[in-house]
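What follows is a set of notes on a single structure, which appears directly below.
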Amino acid sequence: MRLTVELLQQLESFFNPCGEHQVNIRGLNIPAIENFGTLKDAYDAVDLTDNAIQILGGFPCSHRLKTLLLANNRISQIQPTLSEQLPRLETLILTKNNIDNLNELSHLAGIPILRLDVTENRVSQLPDYRLFVIHMLPTLKILDFQKVTQKEKEESVKRFGVIAQESSQSSDVKQSETRVIDATNKLETTFSPGEVPPAAFHPSKK
């Protein structure tokens with residue numbers, strides 16, 4: 004089923020236990036995110052659980068959206084412009100999708116995410132996955148339902164370098180992009196001979 008304008012106009016909304024104005028678009032076998040401009044940035048939370056979405060992206064710039072639930076989809080790609088689409092996203096649930104490389108997760112850089120879950124994705128089994136994500140998302144407090152510790156933050160700095168603080172959002176995004184490039188370079192140049200992860204880091208050929 005396509006996510007049509009007509010379907011979006013018929014959706015019912017409610018206030019969830021966190022006090023967020025939420026809309027549910029669950030279990031409709033939707034293959035792609037589209038026509039979200041119809042919602043007019045009226046919601047704090049959107050639930051797209053149990054669909055068939057393959058690409059995370061396609062949102063208009065949504066300054067209000069803070070919670071996005073996408074568990075049990077088919078997501079294997081994240082649009083590089085997602086930080087521009089969802090500049091205030093704080094909670095992102097990607098449980099049980101098809102993300103298998105760190106390069107896709109690097110497209111989350113620049114988003115002030117506090118809570119992220121990527122369990123039951125192949126990428127979560129890669130070496131340095133957790134430290135890479137913590138380094139890339141300095142605002143992160145909970146990763147895969149486990150608290151990000153001060154020790155992990157310190158280890159991520161040792162592994163990938165010091166994170167410089169910038170005052171403006173545009174500077175933050177540029178800094179995030181630089182941080183991801185630096186981290187990527189370090190991942191690709193420090194694996195021991197015979198290890199597979201450098202190939203796993205890059206997107207699979209479609």
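Note that my numbering gives residue 106 to position 103 of the sequence shown, counting from 1, and the numbers run on in steps of one. Just so you know, even glycine gets a beta-carbon here, dropped at the ideal spot from N, CA and C. As the structure is a prediction and not an experimental result, all values here were calculated from the model.
A residue is called buried once 16 or more other Cβ atoms fall within 10 Å of its Cβ, and asparagine 76 is buried on that count. Between leucine 119 and leucine 146 the beta-carbon gap is near 6 angstroms, inside 8 angstroms, which marks them as a contact. With a minimum length of 4 residues, the unbroken runs of alpha helix (DSSP H) contained wholly in the segment 79-163 fall at 85-88, 105-108, 132-139, 153-163. In terms of Cα proximity to leucine 14, the closest of Leu31, Cys21, Pro20 is Leu31. Sequence-distant Cβ neighbours of phenylalanine 148 in its own chain, meaning closer than 7 angstroms and more than five residues away, are Asp120. By the Cβ test, the segment 94-104 is in contact with the segment 59-73, since at least three Cβ pairs between them sit closer than 8 angstroms. Between isoleucine 78 and asparagine 100, the C-beta gap is smaller than 7 angstroms, which places the two residues in contact. The continuous alpha helix (DSSP H) containing glutamine 12 extends over residues 8-13. Residue state for leucine 72 is assigned as strand, using DSSP reduced to three classes. Tyrosine 132 and tyrosine 46 have their C-alpha atoms spaced approximately 31 angstroms apart. A buried status is given to valine 136, since no fewer than 16 other beta-carbon atoms sit within 10 Å of its beta-carbon. Taking 8 angstroms as the upper bound for CB-CB distance, isoleucine 33 and leucine 6 are in contact here, some 5 angstroms apart.
Nearest C-alpha to serine 16 among Glu9, Gln25, Val8: Gln25. The criterion of a C-beta distance shorter than 7 angstroms is satisfied by serine 159 and leucine 134. Excluding five sequence positions before and after isoleucine 58, the CB atoms of its chain that fall closer than 6 angstroms to its own CB belong to Gln80, given in chain order. Here DSSP, grouped into helix, strand and coil, assigns leucine 59 to strand. A direct Cα-Cα distance of roughly 39 angstroms separates glutamine 153 from lysine 43.
Taking all protein chains shown into account, glutamate 87 has fewer than 16 neighbouring C-beta atoms within 10 Å of its C-beta and is therefore exposed.
Distance from leucine 89 to serine 65 at the Cβ level is roughly 6 angstroms; contact confirmed, criterion being Cβ atoms closer than 8 angstroms.
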